[in-house]
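S.K.:
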Amino acid sequence: MSKQNIVIIDTSIANIFNVQRAFHKVGVNTKISNKKEEVLNADKIVLPGVGAFSEGMAALKKNNLIVAIKKAANDGKPLLGICLGMQMLMTTSNEDGVHSGLDLIKGCVKRFDGPVKEKQFKIPHYGWSQISTPKLAPANIWDNSILSGLNNENLFCYFVHSYFVKTKKPIHTIGETFYGNNLFASVIKNKNVTGCQFHPERSSTDGLEIINNFVNIKG
Amino acid sequence: MELIELAMSRNNIRLISRLDIKGPNLIKSIQFDGHRVLGTAEEFAEIYYNEGVDELIYQDTVASLYKRNSLIEVVKNMAGKIFIPLTVAGGIRSINDIRNILRAGADKVAINTAAIENHDLLYKSAKVFGSQCIVSSIEFYKKENGFCEVWVDYGREPTGINALEWAKKVEDLGVGEILLTSIKNDGTGNGFDLETTEKISSSVTIPVIACGGAGKINHFIDVVKIGCADAVAAASIFHYNYAMPKEGHTMQFNNKELRMGKEIDSGNIDFLKFGYGGQRAITVEPSSITAVKELMNKNAINTRV
């Protein structure tokens, strides 16, 4: 077992246990916590989450975690946002009004454009979709990231979401995915802050590899 | 137009293994009746994970009758080994039941009986856990006159409720998906109820998982192209493929050894021991997960490969 102190922020959503199990599978015991002291003391932080953006942010605020997460991130500690946790890394979200996020990566959260004709596709986006290197990004953009070593021509992960992220700077989008009428940022990265829209803890062996990469990132 | 076709071609269809479970055992019925034991649920779940299935459904077959879900142990035992989405169904009656099952390692719960008795359960649980956690399981029997009636208690009780109306209602109540099972088609291998699947899938905006009837690889193509299913769940066609004897390639069961590795001593294990006369007792053309996905991809239905 690795001796790292990785804290999974307790967003009171049940799937955090599966996040914890996935870390355990790659050899790391993690702590689930909503205490700001523990978040500040962590070597690395995982911010999971499902549900509504405003409720997710409200839960962080209630536990005085917003400042703690921002401080840890600004101190250079690796931070991984998963699903809603990724969306909360952004500047703003347009889910049910305009809400402020953690603003650790500049950009916004938008709803999928609806189908142009009936029976075309459904929202939420449920299921396994492919993650590719953005067209204009440098070919080695996955190096030293959570996608390091993965096959950029055959990487499928499990998604469940109705909203997606658009980074202000294209270079912060390191993985992109197509659903319905939208090409969206499925993996974003700004220095030590990373977010993935899919659930690595439910994305089979490639998902475990992504978690293992996060474990191996130098803090 | 080009964009639409591009978009359609890129939406991946999920392929799901459904495991009907009684105690520790994987069982399989025909039209929800005549359950035979095929092995242990844990052994099959691990096989399906390793074979690249996209999701798993564990259905507790006696839970609703006894008013409790007994799969917590199975879920817990497998949670450290299986890292794909898991839906647990059967006997889920309260917010607390859902919390316990999610905590044990499930990602979603599917609710049928308790939701019919108390519509509010779907609404409340979707509020508490998010829509993505709550699946409405609709098990219906299509009558001779075409009426699709919802049945509860794992195919034991008719309700008089119209499945199409109920599907629209559960969408309004906030569930994230519908698991649509045709009791009449279950285990027969005759193919899915394409007409009902299409009707329901096109009348709701949430994903519909088609279930019941897969017997040949072509059925998977039909239920997506004609039935407009967003995901496809199957049992027998995969179970009988992976339940082949560990040694040898026949399904005639000349010797009396159980086919799966583990000793099983409860339930109806005659099939495991003797095969009920072998291949004739199997209503499907057994197929691997890979073979189904390959054929789907060849037919322009994208899946995770």
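First to last, the protein sequences are chains U and X.
Start counting the first sequence at 68; every next residue gets the next number (my numbering).
Start counting the second sequence at 219; every next residue gets the next number (my numbering).
In this text, a Cβ means the ideal position worked out from N, Cα and C, and glycines have one as well.
The structure displayed is predicted, hence computed values, not measured ones.
1. Does the beta carbon of D272 (chain X) come closer than 8 Å to any beta carbon on chain A?
2. On a Cα-Cα basis, can you pick out the residue from X:E512, X:I500, X:I507 that is closest to T526 (chain X)?
3. At 3 residues or longer, and completely inside the stretch 344–381 of chain X: list those beta strand (DSSP E) runs for me, N to C.
4. Given this structure, state the Cα-to-Cα distance separating Y167 (chain X) from V393 (chain X), to the nearest angstrom.
5. Does G148 (chain U) pass the burial test, meaning 16 or more other C-beta atoms within 10 Å, or should it be called exposed?
6. Are there 16 or more other CB atoms within 10 angstroms of the CB of L132 (chain U), so buried, or fewer, so exposed?
7. If we define contact as Cβ-Cβ less than 8 Å, is D325 (chain X) a contact residue for chain U?
8. Assign S215 (chain U) to one of three DSSP states: helix, strand, or coil.
9. Shorter than 7 Å, the distance from the beta carbon of I507 (chain X) to the closest heavy atom of the ligand NAD, or not?
10. Cβ of A89 (chain U) less than 8 Å from any chain X Cβ?
11. Compare the C-beta of S199 (chain U) with all C-beta atoms of chain X and state if any pair is closer than 8 Å.
12. Whole angstroms is fine: what's the gap from E243 (chain U)'s alpha carbon to N403 (chain X)'s?
13. Comparing alpha-carbon positions, which option in X:K360, X:A385, X:N230, X:G364 lies nearest G373 (chain X)?
14. Report buried or exposed for I300 (chain X), applying the criterion of at least 16 other Cβ atoms within 10 angstroms of its Cβ.
15. Which residues of chain X have a Cβ atom closer than 9 Å to the Cβ of E268 (chain U), listed in chain order?
16. With V523 (chain X) as the anchor, note down where its beta strand (DSSP E) starts and where it stops.
17. So is S212 (chain U) in contact with chain X if we call contact Cβ pairs under 8 Å?
18. Relative to the C-alpha of K246 (chain X), which residue among X:E269, X:I334, X:Y276, X:K443 is closest?
19. Have a look at X:E416, X:N459, X:D278 and flag the residue whose alpha-carbon is nearest the alpha-carbon of L398 (chain X).
20. Considering V327 (chain X), what are the terminal residues of the beta strand (DSSP E) in which it resides?
21. How about I455 (chain X) and G433 (chain X): are their beta carbons less than 8 Å apart?
22. Thinking C-alpha only, which one of X:G252, X:I239, X:I248, X:H253 is nearest E260 (chain X)?
23. Would you kindly work out how many angstroms separate the C-alpha atoms of N408 (chain X) and K256 (chain U), rounded to a whole number?
M.R.: Short version:
1. Among the protein chains of the structure shown, namely U and X, there is no chain A.
2. Any answer about residue 526 (chain X) is impossible in this case: the structure gives chain X only from 219 up to 523.
3. 352–360, 366–370, 375–380
4. The structure shown does not extend to residue 167 (chain X), since chain X is modelled only from 219 through 523, so no value can be given for it.
5. buried
6. buried
7. yes
8. It is coil, neither helix nor strand.
9. The ligand NAD is not among the ligands present in this structure, which contains no ligands whatsoever.
10. yes
11. no
12. 40 Å
13. X:K360
14. buried
15. F301
16. Looking at the DSSP string, V523 (chain X) is not in any beta strand (DSSP E), and its letter there is neither H nor E.
17. With 8 Å as the cut-off, S212 (chain U) does not count as an interface residue toward chain X.
18. X:Y276
19. X:E416
20. 326–329
21. yes
22. Of the candidates X:G252, X:I239, X:I248, X:H253, the one whose C-alpha sits nearest the C-alpha of E260 (chain X) is X:I239.
23. Approximately 49 Å, taken between the alpha carbons.
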